[in-house]
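Count along the sequence shown from 1, then add 470; that gives the number in full-length UniProt numbering.
For glycine and all other residues, C-beta sits at the position ideal for the given N, C-alpha and C.
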Amino acid sequence: RAKSRQRGGHFYFSRGMGVEIRERVRLMHALRSGFARGELFLAYQPQVELGAHRPFGAEALLRWRTEDGRLVPPDRFIPIAEYSGLIIEIGEWVLRQACAELMRLRAAGYLDFTMSVNVSQVQFRHPGFLDMLRGALADTGAPPERVELEITESMAMEEPDLLIERLAAIKRTGVSIAIDDFGTGFSSLSYLQRLQVDRLKIDRTFVTEITGSARGSSIAEMVIELGRNLGLSIIAEGVEDERQAQILQALGCPLAQGFLFSRPLAPEALLEWLGQDALTRAA
Ligand code: C2E
Ligand code: MG
Ligand code: MG
Ligand code: MG
Numbered sequence: 471r472a473k474s475r476q477r478g479g480h481f482y483f484s485r486g487m488g489v490e491i492r493e494r495v496r497l498m499h500a501l502r503s504g505f506a507r508g509e510l511f512l513a514y515q516p517q518v519e520l521g522a523h524r525p526f527g528a529e530a531l532l533r534w535r536t537e538d539g540r541l542v543p544p545d546r547f548i549p550i551a552e553y554s555g556l557i558i559e560i561g562e563w564v565l566r567q568a569c570a571e572l573m574r575l576r577a578a579g580y581l582d583f584t585m586s587v588n589v590s591q592v593q594f595r596h597p598g599f600l601d602m603l604r605g606a607l608a609d610t611g612a613p614p615e616r617v618e619l620e621i622t623e624s625m626a627m628e629e630p631d632l633l634i635e636r637l638a639a640i641k642r643t644g645v646s647i648a649i650d651d652f653g654t655g656f657s658s659l660s661y662l663q664r665l666q667v668d669r670l671k672i673d674r675t676f677v678t679e680i681t682g683s684a685r686g687s688s689i690a691e692m693v694i695e696l697g698r699n700l701g702l703s704i705i706a707e708g709v710e711d712e713r714q715a716q717i718l719q720a721l722g723c724p725l726a727q728g729f730l731f732s733r734p735l736a737p738e739a740l741l742e743w744l745g746q747d748a749l750t751r752a753a
């Protein structure tokens with residue numbers, strides 16, 4: 471791994487780190503121009519009710535296909551968008567795009583459909599966040615009660631007062647809030663109780679563990695129980711096989727998302743999936 475050493479107040483970077491920094495700077499420029507050229511797009515992963523497999527919503531997931539046709543994973547470019555500040559613009563674009571897609575789905579008759587949008591902590595802390603949110607809802611006409619914002623649990627750990635106040639203000643717009651990757655951040659229960667959130671998303675790692683060992687389901691169980699006690703909705707993410715789905719359902723988890731049901735889809739494919747799914751259930 472790259473190391474840095476401090477000598478006389480200056481940082482000297484090892485060769486490895488120089489390469490990493492140069493690569494990041496390169497990606498940052500590529501992302502900025504790629505965003506301007508329209509290389510970013512959203513994929514939508516259906517979210518379903520576990521028992522009926524009935525779809526009730528989708529999560530919007532950001533994708534970047536570079537000029538040479540390469541797909542850069544969000545885990546790689548979102549941190550770069552965050553530290554360069556680009557995430558403010560990109561995040562607004564994502565929200566507007568997702569709201570516009572929600573409106574197309576509504577026009578196609580899916581009036582109960584909910585759209586979930588990931589929000590980075592950099593966006594969330596930005597002073598213009600609430601105005602941006604209100605503007606996106608107003609301009610697209612998306613009904614706030616059909617829009618959900620996903621924040622990560624690690625975000626919930628820092629600056630508790632700012633977070634509590636921000637969440638309350640977001641709630642007043644009518645939008646709902648989910649805590650993403652729940653269970654990975656060790657937030658305290660008393661703190662969680664003070665947050666105005668609507669839903670916990672059980673992190674994929676705990677879903678994967680469910681079938682692994684005798685105690686594998688304990689964290690998922692605990693989150694489901696916690697949700698019940700706090701009156702929060704629960705969704706499991708990263709459900710890949712039927713056994714996981716069965717166990718989750720038996721544990722009382724009502725909602726799920728994962729490759730078992732569908733991969734993230736392009737808008738046309740989502741519409742098709744929703745249509746076919748309705749046919750399957752009617753049959
Ligand atoms: P996340 O919000 O926790 O999203 C879930 C990730 O799990 C997605 O990866 C999704 O494609 C993947 N996934 C869904 N079902 C399964 C499954 O059954 N098995 C496995 N192995 N994976 C599954 P993706 O799209 O690569 O996104 C990674 C992360 O990037 C997201 O995690 C989120 O933190 C971030 N991200 C994506 N889009 C946005 C965005 O628009 N804004 C922000 N701020 N972050 C985003
Ligand atoms: Mg998410
Ligand atoms: Mg997640
Ligand atoms: Mg994640």
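Heavy atom of ligand 2 within 6 Å of residue i beta-carbon
| i | result |
| --- | --- |
| residue 620 | yes |
Neighbourhood of residue i by C-beta, 6 Å cutoff - its chain only, sequence neighbours within 5 removed
| i | result |
| --- | --- |
| residue 729 | 710 |
| residue 489 | none |
| residue 676 | 653, 689 and 690 |
| residue 746 | none |
| residue 544 | 532 |
Supposed close pair residue i, residue j - CB separation, criterion 8 Å
| i | j | result |
| --- | --- | --- |
| residue 668 | residue 620 | Actually they are not in contact, since the Cβ atoms of residue 668 and residue 620 sit about 11 Å apart, beyond 8 Å. |
| residue 717 | residue 678 | Not quite, the Cβ-Cβ distance comes to about 12 Å (not below 8 Å), so this is no contact. |
| residue 558 | residue 593 | 6 Å |
| residue 497 | residue 512 | 20 Å between Cβ atoms; not a contact. |
| residue 583 | residue 576 | 7 Å |
| residue 702 | residue 670 | 6 Å |
| residue 517 | residue 666 | Actually they are not in contact, since the Cβ atoms of residue 517 and residue 666 sit about 21 Å apart, beyond 8 Å. |
| residue 618 | residue 648 | 6 Å |
Ligand 3 heavy atom lying under 6 Å from the CB of residue i
| i | result |
| --- | --- |
| residue 545 | no |
| residue 707 | yes |
Cβ of residue i within 7 Å of any chain E Cβ
| i | result |
| --- | --- |
| residue 653 | Going by chain labels, chain E is absent from the structure shown, which holds only one protein chain. |
Own chain, CB closer than 7 Å to residue i, minus 5 neighbours either side, in chain order
| i | result |
| --- | --- |
| residue 644 | 614 and 615 |
| residue 724 | 519, 520 and 704 |
| residue 713 | 681 |
| residue 599 | 593 |
| residue 744 | 525 and 580 |
| residue 551 | 501, 557 and 560 |
| residue 694 | 704, 721, 722 and 723 |
| residue 783 | Any question about residue 783 goes unanswered here, given that the chain covers just 471 to 753. |
Distance cut-off 6 Å: residue i Cβ against heavy atoms of ligand 1
| i | result |
| --- | --- |
| residue 650 | yes |
| residue 590 | yes |
| residue 679 | no |
| residue 734 | yes |
| residue 598 | no |
| residue 548 | yes |
| residue 712 | no |
| residue 564 | yes |
| residue 653 | no |
| residue 728 | yes |
Beta-carbon proximity list for residue i, same chain, < 8 Å, skipping 5 on both sides
| i | result |
| --- | --- |
| residue 536 | 500, 504, 509 and 542 |
| residue 548 | 532, 557 and 590 |
| residue 563 | 505 and 510 |
Open item on the list: To test your reading of the DSSP string, which unbroken alpha helix (DSSP H) runs of 4 or more residues are found completely within the stretch 652-693?
Closed with: 659-664 and 674-679
TODO: State whether the stretch 729-742 contacts the stretch 696-707, with contact taken as three or more CB pairs (one from each stretch) at a distance under 8 Å.
DONE: No: the two stretches stay apart, fewer than three of their Cβ pairs being nearer than 8 Å.
Task: Segment contact flag, the stretch 623-638 with the stretch 687-700, C-beta cutoff 8 Å, min 3 pairs - done: no
Open item on the list: Restricting to runs no shorter than 3 residues, where is the beta strand (DSSP E) found entirely within the stretch 504-566?
Closed with: Counting whole runs of 3 or more residues, the stretch 504-566 contains the beta strand (DSSP E) stretches 510-519 and 525-535.
Open item on the list: Report the start-end ranges of each beta strand (DSSP E) in the stretch 556-644 that is 3 residues or longer and not cut off at the edges.
Closed with: 584-588 and 617-622, all fully within the stretch 556-644.
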